[in-house]
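In our numbering, the protein residues as written are 1130 to 1306.
Ideal Cβ positions, reconstructed from N, Cα and C, are used throughout, including at glycine.
Predicted model only: the values in this text are computed from it and were never measured.
As structure tokens, the structure follows; a few thoughts come after it.
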Amino acid sequence: MSVAYVRTVKTASGATAVQIVYSIRRGSRAMDHIGSAHDEAELAALRAVANQRLAAGQGELDLGLDTVGAAGGPLPIVASRMGHLWDALCRAYDSVGLGEATGADRVFRDLVLARIIEPTSKLDSRRVLEETGVARPPTRRSNAPCRDTPPTPGGGASPRPARRTRRSDRPASFSTT
């Protein structure tokens, strides 16, 4: 894949050279020298010629539309559909086995996919889900810590830090000096 762009370079004589640079591969470049300008008017004319050469052969695609938007103004957005993106992400989520691994937890899936679409906080992911057109997860469940965590090795609850003891509970051999 080649990328072409227009560049200007100061020459030894003080003029400004206008060139078209074609970057073909890593570091490999080909150049077309358009000309050298000695003032701003010549420079503008040479840049216009270089841009015309870059655009040569790239005709306008006729879409068959007769209506034209407001001159220079932004076009209004009349509809937006993220359903295709959502469906593709759901299929990818299931195909890598995350649906099965999480016990088909729909709320968790929705939060994960919302944060893939737009990396944001858990609370703001509700906004992303609304914009996507997916029903919001219930706040209590999505903001609560997961209660269905597997037990820790050795059974029982997670280990708690040891309780601090008073000085009188220390063994007699313990010295603080």
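From which residue to which residue does the alpha helix (DSSP H) around V1257 run? S1254 to T1261
Just the C-alpha distance for L1214 and G1262, rounded to the nearest angstrom, thanks. 11 Å
Are there 16 or more other CB atoms within 10 angstroms of the CB of A1179, so buried, or fewer, so exposed? buried
Rounded C-alpha distance that separates P1258 from T1231: The displayed chain sequence assigns Leu, not Pro, to residue 1258. The straight-line gap from Cα to Cα measures roughly 20 Å.
Please confirm if the segment 1164-1173 is in contact with the segment 1181-1188, defined as three or more CB-CB distances below 8 Å between the two stretches. no
Restricting to Cα atoms, I'd like to know which of L1252, S1224 and M1211 is closest to E1260. M1211
H1213 (DSSP reduced to helix, strand or coil): helix
Provide the residue(s) that pair with V1147 in DSSP beta bridges, ordered along the chain. T1137 and G1164
From C1219, M1160, E1229 and A1141, pick the residue whose C-alpha is nearest to that of V1132; which is it? M1160
State buried or exposed for I1163, treating a residue as buried only when at least 16 other CB atoms are found within 10 Å of its CB. buried
Put S1224 into one of helix, strand or coil per three-state DSSP. helix
CB of A1146 within 8 Å of CB of V1138, strictly: yes
Could you have a look at I1153 and say whether DSSP puts it in helix, strand or coil? strand
Please report the straight-line C-alpha distance between I1149 and S1157, rounded to a whole angstrom. 14 Å
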